[in-house]
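One structure below.
There are 4 protein chains.
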Amino acid sequence: MVHVGIVGASGYTGVELARLLAGHPEVRLTVATSRQYAGKALAEVFPNLRKRVDILCENLSVEELVHRADFFFTAVPHKTAMDIVPRLLASGKKVVDLSADYRLHDPAVYETWYQEHTSPELLDEAAYGLPELYRDRIATARLTANPGCYPTSVILALAPLLRKGLIDPATLIIDSKSGTSGAGRAANVGTLFCEVSDGFKPYKVGGTHRHIPEIEQELSVAAGEPITVTFTPHLLPISRGILSTIYASLTSEGKTADLQALYEQTYDNEPFVRVLPAGVPPATQHVRGSNCCDLSLQKDIRTGRVIVMSAIDNIVKGASGQAVQNMNLMNGYPETLGLMGAPFFP
Amino acid sequence: MVHVGIVGASGYTGVELARLLAGHPEVRLTVATSRQYAGKALAEVFPNLRKRVDILCENLSVEELVHRADFFFTAVPHKTAMDIVPRLLASGKKVVDLSADYRLHDPAVYETWYQEHTSPELLDEAAYGLPELYRDRIATARLTANPGCYPTSVILALAPLLRKGLIDPATLIIDSKSGTSGAGRAANVGTLFCEVSDGFKPYKVGGTHRHIPEIEQELSVAAGEPITVTFTPHLLPISRGILSTIYASLTSEGKTADLQALYEQTYDNEPFVRVLPAGVPPATQHVRGSNCCDLSLQKDIRTGRVIVMSAIDNIVKGASGQAVQNMNLMNGYPETLGLMGAPFFP
Amino acid sequence: MVHVGIVGASGYTGVELARLLAGHPEVRLTVATSRQYAGKALAEVFPNLRKRVDILCENLSVEELVHRADFFFTAVPHKTAMDIVPRLLASGKKVVDLSADYRLHDPAVYETWYQEHTSPELLDEAAYGLPELYRDRIATARLTANPGCYPTSVILALAPLLRKGLIDPATLIIDSKSGTSGAGRAANVGTLFCEVSDGFKPYKVGGTHRHIPEIEQELSVAAGEPITVTFTPHLLPISRGILSTIYASLTSEGKTADLQALYEQTYDNEPFVRVLPAGVPPATQHVRGSNCCDLSLQKDIRTGRVIVMSAIDNIVKGASGQAVQNMNLMNGYPETLGLMGAPFFP
Amino acid sequence: MVHVGIVGASGYTGVELARLLAGHPEVRLTVATSRQYAGKALAEVFPNLRKRVDILCENLSVEELVHRADFFFTAVPHKTAMDIVPRLLASGKKVVDLSADYRLHDPAVYETWYQEHTSPELLDEAAYGLPELYRDRIATARLTANPGCYPTSVILALAPLLRKGLIDPATLIIDSKSGTSGAGRAANVGTLFCEVSDGFKPYKVGGTHRHIPEIEQELSVAAGEPITVTFTPHLLPISRGILSTIYASLTSEGKTADLQALYEQTYDNEPFVRVLPAGVPPATQHVRGSNCCDLSLQKDIRTGRVIVMSAIDNIVKGASGQAVQNMNLMNGYPETLGLMGAPFFP
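Spelled out as structure tokens, the structure:
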């Protein structure tokens, strides 16, 4: 039984971590921080947690925090994470960081897309927390950088094709659609119900979304060469879910390959990746509330392209669920512990 | 480990039963029937179940069924249930019936609202499956009649007031609002997305909904006198959730009573009933996906009335979750087994 | 062609006024104020207005305003309206005020529910802007107090019954459900998409909503005696629409009366009130985007009550559409001018 | 004042035609057919039309129809349209056909994607009803083939780039997302509220959707060479709206061209096409209920591509509104008559 803390418990990833940890047999949530709600029960902030999660929000310094738990989830904005994570590690704690601060290996890339990095020495050490790709590395890490939601949906979808050279990386186009929980819980006119409901729109078009360098980093690893992608995110009028529709031209080898078989071989033993039967596209409503990533792919013989589609719940496999999966690995627990709940539908 | 069957697995209560049973440590789902989808994997009908529920839909006679499981959930329409349940019992099986066929004790009332009853002798025997009221009775039953979704939300909300005589039963008005999953999964113009979405309306107004006799039966038991209520259901543009807003005039005793304390005393030890702090109304989004029933009540001193509000997930506490709760009792398992998952929000 | 100004154009009632006025043949929108968006085109704030409404938001004093238009809609919060309206009137302008400041005739009532009233002398003069009840009065008014959205839905529903003494006013219970646009466009966690979507909840329960005195004032006029009601508002996961379900006990005369005929006689010549055929309940999705109020009523013979149901679009008949209807009357235009668009469905 | 008939009035395009025609000053709707609802008022089928559209649904032969109106909208499925349209034309009527039957000029292409064509001689004569491209042709046509919803959103978005050779047509990838009204009003499990709501998914992936040949026909005309595209439709949990996100590699000329200026020049005089300011993406909620098509485009300098985005209301500009626009042209009315209503938001 490990004592676990959530730093930044008052956002949507915080409440989802609390929900998942409440059903986890090997952890005890011993501390949850929130500056805004300090002194309030977390279940008062998120009434879904009543009678299930009994913890107060606190406003604590790192010095106080380290006495309260042995394993930490940092669910705070980038930059704030950089302030906290090194000190938690220095106190001998293990950390899954849900921010972007330790996802990019190259500090120069980080500084191009974000700002100065104050603990670049940790970038090499941090494991990239996509267990399906880096399981062994994560198992021995002190610090795991939990992947972004969009990158999770994209990397799992493309890794098999890129590793085998079956698509031309220069042709990659990623059209992603995310539920509104991805925008967080801050008061904001743009994410009011009346602005989002019964509507749909792209945003950060033209190569400007900060998940791009993360996607490119990992796709480049899979391909063994540097990759630049076109990536367009969109805002869906749903709370949870990301669906990515990805296009690439098949290489001559790709045109003849049995891609369905390749994906089934790659992922059949993965508990959280489900390769759908040929011709069945994924749907966000079929992964809702679960740590699953559903994948489907289809050749377009008229144009020589392949369309790869993936669906995840952005706050489970795209954030808090994957974070728990990483914690399981880092603590030597079975990877699926507390995470095998089926998606709920409808 | 009990072998369990779902008769009628292809509706929304069926898929939810399968989801809940997949996470239950003491049962094994060994048979699932569906005439329409016989031969298909249940996970093909409901892709959320892939890699979590591995069972084929079958079209079986009762004679075949009884060799395949020891405990049955019958999730078929009323009248069909009457055909099946007596034969399952006759083969020594235990049954939780999710239809209306065994909820009413008085066959005459059943026949007024439905049609002829072909096994009236079972009406007395069947336990009314609201564990918070009939826990002991259910524990020894062969047959439990799982309550209707609206009645569950209403009875839990009113029982404490009626038992103590704190409201005038003749003034009871129940205004209930249900998510669309309550209308089932049949193809139907009236429940198409475009008809329901971004809209709201009442239906079966004026004392015609078939849940009325069930509500009146149980409220009459609580009050110790016959009660007739006004009940208006409405259709919400959400999938899951019922919220009931209930009005009654306080008796002179009721006007001075500490109702908040009464509800807290009544329900504090109940794992699935959550009495909210004074002034906090319930919300369907805070019970979603869980077996919880959230209750709140508020006096209106200007008019001498009390407003009692309850929220449940209509396919969990209002159907499949309560059915599993009843199964737990009937099998001697801890009542909460497989059901303690917190609601998910957002 | 009258020159018209909108004071407070950046809320949802403002954009709807601009949309309706753009299609009105006898008005020209000459000024629109917004402190927050001063200098921006209104169509930049609300992109639906592009190529249809060509006006800049301005931050103007009342002294400047009066030179820019002859008729004003004040769509600002209560209290702010009191600061502006008397000065507009003093400059010889006509005003439809969409705030609550001039709806209540009795300053003491206003001060109980709001705060001190700084122009109580106007309360008697202001017409209550429900044209179906006060058409003649409005036609000669300088100042019309545009009704609240909930009161509009309630008063039209109940006036015929109360005037004829067919229900017992002491038994009135009003259960209302509103779309989220009623909460306005301010940044607010409680009305974020993820908080409202796929959910439903009551708020301001127990006689505390500020529309209560307005409802009671007008129902009392209809009944000819003081009325106190129980009123519970709820928040619907839709943008537009209010549905009120209203309960009352029938008097002995009411029990035998032909209520359907009464409503048809009362409203058949009203262009914006539609009495639905017996047994057909109203639905918000059937009035969406229009100035219609749909009414339906049903006796519950089991309990001796009547259930009256009404549906409006809260930002049209409940706000901006009714404001234009009032403007038409005040300017001697045909009452329906610019307002006869059918609701859009789906 | 022309007498107009709707053949097939009981679908979503039918009700929208009726709504738009009710507000059109130069037409009178004299006949509306529906086999299913014959004898019922159209306003009984679609209660939004009450007190606005007063017409009965009838089940009429073509022989009867031609005596009832001079201009017809055929809003029936493909193949059924082929049975009716030639006979309407033979009786001297003008027709806007909303089916796919007369959109493709090449009967062989039609027969590849649909079935045998029984009036191929009309294919050359039929005008392709996209007024922004074929205004003059439509004005003199007896028969106009109203474009598909997806093609409308795509062709307006791409024509300027293709005509100038600024993109490489071989690289075109079209990722489109449609509201559920596009699936029609037939009872169908797949479009039930509970299946669509709070979800998102692709369908007909890999070059199989029947709008592909129509898109390719018109893009090929614009480019002056045959074009084959990758097209993926998706189902949005909204009623109305299509958003298309379109990707192509810029030619060297395209990389340096001022695309924003090109689009503004092309469309600034178009009343229904709105080119958004640079950096502002379109949103379906900002065209809802209107005949507008909003366009935005953005270069991705990292990859040398352009992303073009378009938003329409699929049942207005994508169907019934465009049909009225075509009727206006065919009858010599101002093109915008009855269509200038601003989109409603929220």
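Protein chains in written order, with my numbering: chain A, 1 to 346; chain B, 347 to 692; chain C, 693 to 1038; chain D, 1039 to 1384.
C-beta: ideal position from N, C-alpha, C; glycine also.
- Rounded C-beta distance between Tyr1172(D) and Ala1183(D)? I'm assuming under 8 angstroms. The residue you call residue 1172(D) lines up with position 134 of the fourth sequence. The residue you call residue 1183(D) lines up with position 145 of the fourth sequence. The pair is not a contact, with the Cβ atoms about 10 angstroms apart (cut-off 8 angstroms).
- Who are Met673(B)'s beta bridge partners in DSSP? One-based indexing of the second sequence puts residue 673(B) at position 327. Beta-bridge pairing links Met673(B) to no other residue.
- Which residues in chain F sit within 7 angstroms of Arg829(C), going by Cβ to Cβ distance? The structure shown contains no chain F; the protein chains it does contain are A, B, C and D.
- Query: Near Val758(C), what residues of its chain come up, given a Cβ to Cβ distance below 7 angstroms and the 5 sequence neighbours on each side ignored?
  - Reply: Along the third sequence, read from residue 1 onward, the residue named residue 758(C) stands at position 66. Counting only Cβ-Cβ distances below 7 angstroms, and skipping sequence neighbours, we find Leu780, Ser783 and Lys785.
- Item | Residue from Leu156(A), Pro226(A), Glu218(A) and Arg185(A) whose Cα sits closest to the Cα of Leu243(A) | The residue given as residue 243(A) occupies position 243 in the first sequence. The shortest C-alpha separation from Leu243(A) is found at Leu156(A).
- Message: Taking contact to mean 3 or more Cβ pairs, one atom from each stretch, closer than 8 angstroms, check whether the segment 163-176 of chain A and the segment 227-237 of chain A are in contact.
- Response: yes
- Sort Arg1106(D), Lys1078(D), Ala1113(D) and Phe1084(D) by Cα distance to Gly1356(D) and report the nearest one. By one-based count along the fourth sequence, residue 1356(D) stands at place 318. If we check each option's Cα against that of Gly1356(D), Ala1113(D) comes out closest.
- Take His1116(D) as the anchor and find which of Ala1380(D), Phe1110(D), Arg1141(D) and Leu1367(D) has the nearest alpha-carbon. Here residue 1116(D) refers to the residue found at position 78 of the fourth sequence. Ranking Ala1380(D), Phe1110(D), Arg1141(D) and Leu1367(D) by Cα distance to His1116(D) puts Arg1141(D) first.
- So is His24(A) in contact with chain B if we call contact Cβ pairs under 8 angstroms? Translated into the one-based positions of the first sequence, residue 24(A) becomes position 24. By this cut-off, His24(A) is not an interface position.
- Note down, in chain order, all residues in the segment 732-758 of chain C with a beta-carbon under 9 angstroms from any beta-carbon belonging to chain A. none
- Message: Beta-carbon within less than 7 angstroms of Ala851(C)'s beta-carbon, same chain only, minus the 5 sequence neighbours each way: which residues are those?
- Response: Translated into the one-based positions of the third sequence, residue 851(C) becomes position 159. Here the set comprises Leu825 and Ala914.
- Query: Do the segment 250-266 of chain A and the segment 303-312 of chain A make contact, defined as three or more Cβ pairs closer than 8 angstroms?
  - Reply: yes
- Task: Pull up the distance between the alpha-carbon of Ala1146(D) and that of Ala532(B), whole angstroms please.
- Result: Residue mapping note: residue 1146(D) aligns to position 108 of the fourth sequence, counting from 1. Residue mapping note: residue 532(B) aligns to position 186 of the second sequence, counting from 1. Near 39 angstroms, if we compare the C-alpha coordinates of Ala532(B) and Ala1146(D).
- Query: Would you call the segment 47-61 of chain A and the segment 631-644 of chain B touching, i.e. three or more CB-CB distances under 8 angstroms?
  - Reply: yes
- Measure the C-alpha to C-alpha separation of Gln1153(D) and Val1045(D) and round it to an integer number of angstroms. Locating residue 1153(D) in the fourth sequence gives position 115, where the first residue counts as 1. Locating residue 1045(D) in the fourth sequence gives position 7, where the first residue counts as 1. If you take the alpha carbons of Gln1153(D) and Val1045(D), they lie about 22 angstroms apart.
- Taking only beta-carbon positions, decide if Gln1336(D) is within less than 8 angstroms of chain A. Reading the fourth sequence from its first residue, position 298 is the one you call residue 1336(D). Interface residue, yes.
- Item | Boundaries of the alpha helix (DSSP H) in which Gly774(C) is found, first to last residue | Here residue 774(C) is taken as the residue at index 82 of the third sequence, counted from 1. For the sequence presented, residue 774(C) should be read as Met rather than Gly. It spans Thr772 to Ala782 - the alpha helix (DSSP H) in which Met774(C) sits, taken as one unbroken run.
- Item | Bridge partners - His234(A), DSSP secondary structure assignment | As a working note, residue 234(A) is residue 234 in the first sequence. Beta-bridge pairing links His234(A) to Lys177(A) and Pro202(A).
- Message: Can you find the residues in the same chain that come closer than 6 angstroms, C-beta to C-beta, to Asn645(B), ignoring five residues on each side of it along the sequence?
- Response: On the second sequence, residue 645(B) is found 299 positions in, with the first residue counted as 1. In the sequence as displayed, the identity of residue 645(B) is Lys instead of Asn. Contacts found: Val652.
- Query: Between Thr1229(D) and Leu581(B), is the Cβ-Cβ spacing less than 8 angstroms?
  - Reply: Along the fourth sequence, one-based indexing puts residue 1229(D) at 191. Along the second sequence, one-based indexing puts residue 581(B) at 235. Against a cut-off of 8 angstroms, the Cβ pair of Leu581(B) and Thr1229(D) comes out as no contact.
- Item | For Val4(A) and Leu29(A), the rounded distance between their alpha carbons | To locate residue 29(A), count along the first sequence from 1; it is residue 29. To locate residue 4(A), count along the first sequence from 1; it is residue 4. Each residue's Cα considered, the two are about 5 angstroms apart.
- Measure from the alpha carbon of Ile1007(C) to the alpha carbon of each residue in Tyr110(A), Cys194(A) and Pro147(A), then state which is nearest. The residue given as residue 1007(C) occupies position 315 in the third sequence. Per the Cα distances, Cys194(A).
- Query: Whose Cβ in chain B lies nearer than 9 angstroms to the Cβ of Leu1058(D)?
  - Reply: Here residue 1058(D) is taken as the residue at index 20 of the fourth sequence, counted from 1. The contacting residues do not exist; Leu1058(D) stays about 18 angstroms from chain B at best.
- Any idea what DSSP makes of Thr171(A), helix, strand or coil? For the purposes of this step, residue 171(A) is taken as the residue at position 171 of the first sequence. In this structure, Thr171(A) counts as helix in the three-state DSSP scheme.
- Task: Pull out every residue of the segment 870-882 of chain C whose Cβ sits closer than 7 angstroms to any Cβ of chain A, in chain order.
- Result: Thr872, Ser873, Arg877, Ala879, Asn880 and Val881
- Task: Run down chain C in chain order and give the residues with a C-beta less than 7 angstroms from the C-beta of Thr597(B).
- Result: Residue numbering aside, residue 597(B) sits at position 251 when the second sequence is read from its first letter. Within chain C, no residue comes near Thr597(B); the closest Cβ sits about 16 angstroms away, beyond 7 angstroms.
- By how many angstroms is the C-alpha of Pro839(C) removed from the C-alpha of Leu822(C)? For the purposes of this step, residue 822(C) is identified with residue 130 of the third sequence, where counting begins at 1. For the purposes of this step, residue 839(C) is identified with residue 147 of the third sequence, where counting begins at 1. Each residue's alpha carbon lies about 7 angstroms from the other.
- Query: Would you call the segment 482-491 of chain B and the segment 462-473 of chain B in contact, with 3 or more CB pairs under 8 angstroms?
  - Reply: yes
- Spatially closest choice to Leu1189(D) from Gly1052(D), Ile1284(D), Asn1366(D) and Lys1078(D), by CA coordinates: Your numbering for residue 1189(D) matches position 151 in the fourth sequence. The residue asked about is misnamed: residue 1189(D) is Pro in this sequence, not Leu. Comparing Cα-Cα distances from Pro1189(D) to each of Gly1052(D), Ile1284(D), Asn1366(D) and Lys1078(D), the minimum goes to Ile1284(D).
- Message: According to DSSP, simplified to helix, strand and coil, what is Cys886(C)?
- Response: Along the third sequence, read from residue 1 onward, the residue named residue 886(C) stands at position 194. Looking at Cys886(C) - three-state DSSP - the assignment turns out to be helix.
- Item | Contact set between the segment 557-587 of chain B and chain A, restricted to residues whose Cβ is under 9 angstroms from the partner | Ser585 and Arg586
- If we count Cβ pairs, one from each stretch, closer than 8 angstroms, do we get three or more for the segment 674-683 of chain B versus the segment 710-724 of chain C? no
- Item | Contact list for Ser380(B) against chain D, beta-carbon separation under 7 angstroms | Indexing the second sequence from 1 puts residue 380(B) at position 34. Those do not exist, as Ser380(B) stays about 13 angstroms from chain D at its closest Cβ, beyond 7 angstroms.
- Query: Which first and last residues belong to the alpha helix (DSSP H) in which Val15(A) is found?
  - Reply: Taking the first sequence and counting its residues from 1, the one referred to as residue 15(A) is at position 15. Residues Tyr12 to Ala22.
- Item | Where Ser1099(D) falls, given that 16 or more other Cβ within 10 Å makes a residue buried | Within the fourth sequence, numbered from 1, the residue matching residue 1099(D) stands at position 61. With fewer than 16 other Cβ atoms within 10 Å, it is exposed.
- With a CB to CB cut of under 6 angstroms and the five nearest residues on each side skipped, what residues in its chain are close to Pro778(C)? Taking the first residue of the third sequence as 1, we reach residue 778(C) at position 86. Here the set comprises Ser811.
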